[in-house]
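Chemist: UniProt numbering applies: residue 1 is where the sequence shown begins, and numbers increase by one. Idealized CB from N, CA, C, for every residue including glycine.
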Amino acid sequence: MTAPARLTPVTDPADPRIAEFTAMRDRDLAGRGNRFIAEGRVVLQALADAEADHKRFVIEKVLILENRVAGLSELIAQLDPDCPVYVAGREVIDAAVGFAMHRGVLALGRHLPVAGLREFISRLPEQALLVAACGIANHDNIGGIFRNAGVFGADGVVLDDSCCDPLYRKAIRVSVGAALRVPFCRGGSITELVAELSSHGFEVVGLSPRGTEALSDFQPGRRVALLAGTEGEGLPEEIINRVKTLRIEQAPGLDSLNVATASGIALWHAASRMGRTSR
């Protein structure tokens, strides 16, 4: 399969047609609403697959390093015919984005979120496994949580209002594209999340070093939401007192696990007992 004759060369880093890709670090920090930047071939493939299969995203435009075009011909052919594909040399791309671009593949995507948490939950299967994230402000941790959710077959991730954006460029990259594959929803405060999940039949279990039950003893039911809090403070005390809490057994005298690592261990345990993993 060859790429369609749709490639548009760009020779000026100030070309307004690629304005969304300029000064990317500053723009990422400022936020883009439901728009985001996807970087790299693996991530663009995940975005193209998500656009085709789930209708959760739209790819609005693509910018590719000229020497990467031949190797991306099949992927380019997957894109919607109305999606512009711009091609430029390294000097142009580096000058536009503000730093050296080694992957040479950028896309501007738009997330089409559901109306709210209630609608999100209504689309889940009768047996469901979720991660509920509270106060996760580190993009590496958010990316790691999404990667774990994808690997262990979680049905989605729900985020409280204090979590950082899983569609931040670094979070998508750390997730290896899982942030584009795993459905997610932002749903108010952690108290509101727990209440809504509980009202829809989810057993909400908090992950905490102070957990009253060992993770290895936990037998998940048909609907489970694993609640992960920010590193340091962890889950709020009012939530700890309200839900079942699980601790991950570890060697004595050491600090608690990184939240992304803890979510991976808990997801593996729950997913394996819910029949979501294979040997």
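(1) Can you tell me whether Thr230 is helix, strand or coil according to DSSP?
(2) Spatial neighbours of residue 282 within its chain, please: C-beta separation below 7 Å, excluding the five flanking residues on both sides.
(3) Nearest CA to the CA of Ile121: which residue from Leu254, Val105 and Ser198?
(4) So the candidates are Arg35, Asp161 and Glu39; which of them puts its Cα closest to the Cα of Gly109?
(5) Give me the DSSP bridge partner(s) of residue 285.
(6) In the DSSP output, what is Cys185 paired with across the bridge?
(7) With DSSP as the reference, label Val243 as helix, strand or coil.
(8) Span of the beta strand (DSSP E) holding Ala133?
(9) Count the other CB atoms within 10 Å of the CB of Asn141; is the residue buried (16 or more) or exposed (fewer)?
(10) Select from Ile239, Tyr168, Thr191 and Asn148 the residue whose C-alpha is nearest the C-alpha of Ala260.
(11) Closer than 8 Å is the cut-off here; do at least three beta carbon pairs connect the region 151-170 with the region 89-98?
(12) Assign Thr8 to one of three DSSP states: helix, strand, or coil.
(13) Within this structure, are the beta carbons of Glu66 and Val87 separated by less than 8 Å?
(14) For Leu254, does the count of other Cβ atoms within 10 angstroms reach 16, so buried, or fall short, so exposed?
(15) May I ask you to report which of helix, strand or coil DSSP gives Ala14?
(16) Quick check on Gly143: does DSSP put it in helix, strand or coil?
(17) Starting from Val43 and walking both ways along the alpha helix (DSSP H), at which residues does that stretch end?
(18) Here's the rule I'm using: 16 or more other beta-carbon atoms within 10 Å means buried, otherwise exposed. How should Pro125 be labelled?
(19) Under a Cβ-count criterion, where at least 16 other Cβ atoms within 10 Å of its own Cβ denotes burial, should Pro81 be classed as buried or exposed?
(20) Looking at the ligand NAP, does it come within less than 7 Å of Gly188, judged from the CB to the closest heavy atom?
(21) Which residues in the same chain have their Cβ closer than 6 Å to the Cβ of Cys83, if we skip the five residues on either side of it in sequence?
(22) Count the other CB atoms within 10 Å of the CB of Gly187; is the residue buried (16 or more) or exposed (fewer)?
(23) What are the boundary residues of the alpha helix (DSSP H) that includes Leu79?
(24) Taking only the alpha-carbon atoms, compute the straight-line gap between Leu226 and Leu235 and give it to the nearest angstrom.
(25) I think Arg242 touches Leu215, with their Cβ atoms under 8 Å apart; what is that distance to the nearest whole Å?
(26) Which of helix, strand or coil does DSSP assign to Gly206?
(27) Let me know the secondary structure DSSP gives Ile64 once reduced to three states.
(28) Comparing C-alpha positions only, which one of Ala107, Pro166, Ile239 and Asp12 sits nearest to Ile136?
(29) When DSSP labels each residue in this structure, what does Arg173 get in the three-state scheme?
(30) Less than 8 Å separating the beta-carbons of Val224 and Cys185?
Modeler: So, to answer that:
(1) Within the sequence shown, residue 230 is the residue found at index 230, counting from 1. Thr230 falls in the strand class under three-state DSSP.
(2) There is no way to answer for residue 282, as the model of the chain reaches only from 1 to 279.
(3) The count along the sequence shown starts at 1 and reaches residue 121 at position 121. Ranking Leu254, Val105 and Ser198 by Cα distance to Ile121 puts Ser198 first.
(4) The residue you call residue 109 lines up with position 109 of the sequence shown. It is Arg35.
(5) Past the boundaries of the shown model lies residue 285; the chain is included only from 1 to 279, so the question cannot be answered.
(6) Here residue 185 refers to the residue found at position 185 of the sequence shown. DSSP output for Cys185 lists Val158 as bridge partner(s).
(7) The residue given as residue 243 occupies position 243 in the sequence shown. Coil, per DSSP.
(8) Locating residue 133 in the sequence shown gives position 133, counting from the first residue. Ala128 to Ala133 is the extent of the beta strand (DSSP E) around Ala133.
(9) Against the sequence shown, residue 141 aligns to sequence position 141. Asn141 is buried by the Cβ-count criterion.
(10) As a first step, residue 260 is located in the sequence shown; it is residue number 260 there, counting from the start. Ranking the options by Cα distance to Ala260, first place goes to Asn148.
(11) no
(12) The residue labelled residue 8 in the question sits at position 8 within the sequence shown. Looking at Thr8 - three-state DSSP - the assignment turns out to be strand.
(13) Your numbering for residue 66 matches position 66 in the sequence shown. Your numbering for residue 87 matches position 87 in the sequence shown. Going by C-beta atoms, Glu66 is nearer than 8 Å to Val87.
(14) Here residue 254 refers to the residue found at position 254 when the sequence shown is read from its first residue. Looking at its Cβ environment, which holds fewer than 16 other Cβ atoms inside 10 Å, Leu254 is exposed.
(15) The residue you call residue 14 lines up with position 14 of the sequence shown. Looking at Ala14 - three-state DSSP - the assignment turns out to be coil, as it is neither helix nor strand.
(16) Taking the first residue of the sequence shown as position 1, residue 143 is located at position 143. Collapsing the DSSP output to three states places Gly143 in a helix.
(17) For this step, residue 43 is matched to residue 43 along the sequence shown. Counting along the chain, the alpha helix (DSSP H) containing Val43 begins and ends at Arg41 to Asp53.
(18) One-based indexing of the sequence shown puts residue 125 at position 125. Exposed, since its Cβ has fewer than 16 Cβ neighbours within 10 Å.
(19) Position 81 of the sequence shown, counted from the first residue, corresponds to residue 81. Under this definition Pro81 is an exposed residue.
(20) The ligand NAP is not among the ligands present in this structure, which contains no ligands whatsoever.
(21) One-based indexing of the sequence shown puts residue 83 at position 83. Around Cys83: Ile59.
(22) The sequence position of residue 187 within the sequence shown is 187, counting from 1. Buried, by the Cβ-count rule.
(23) Taking the first residue of the sequence shown as 1, we reach residue 79 at position 79. Segment: none, Leu79 is in no alpha helix (DSSP H) and carries neither H nor E.
(24) Counting from 1 along the sequence shown, the entry for residue 226 is found at position 226. Counting from 1 along the sequence shown, the entry for residue 235 is found at position 235. Looking at the two C-alpha atoms, the distance is approximately 12 Å.
(25) What you label residue 242 is simply residue 242 of the sequence shown in a count that begins at 1. What you label residue 215 is simply residue 215 of the sequence shown in a count that begins at 1. At roughly 19 Å, the Cβ-Cβ gap does not stay under 8 Å, so Arg242 and Leu215 are not in contact.
(26) As a working mapping, residue 206 is identified with position 206 in the sequence shown. Note: Gly206 maps to strand in three-state DSSP.
(27) Here residue 64 corresponds to residue number 64 of the sequence shown, with the count starting at 1. Strand, per DSSP.
(28) The sequence position of residue 136 within the sequence shown is 136, counting from 1. Checking every option, the nearest Cα to that of Ile136 belongs to Pro166.
(29) The count along the sequence shown starts at 1 and reaches residue 173 at position 173. Helix at Arg173.
(30) Counting from 1 along the sequence shown, the entry for residue 224 is found at position 224. Counting from 1 along the sequence shown, the entry for residue 185 is found at position 185. Cβ atoms of Val224 and Cys185: not closer than 8 Å.
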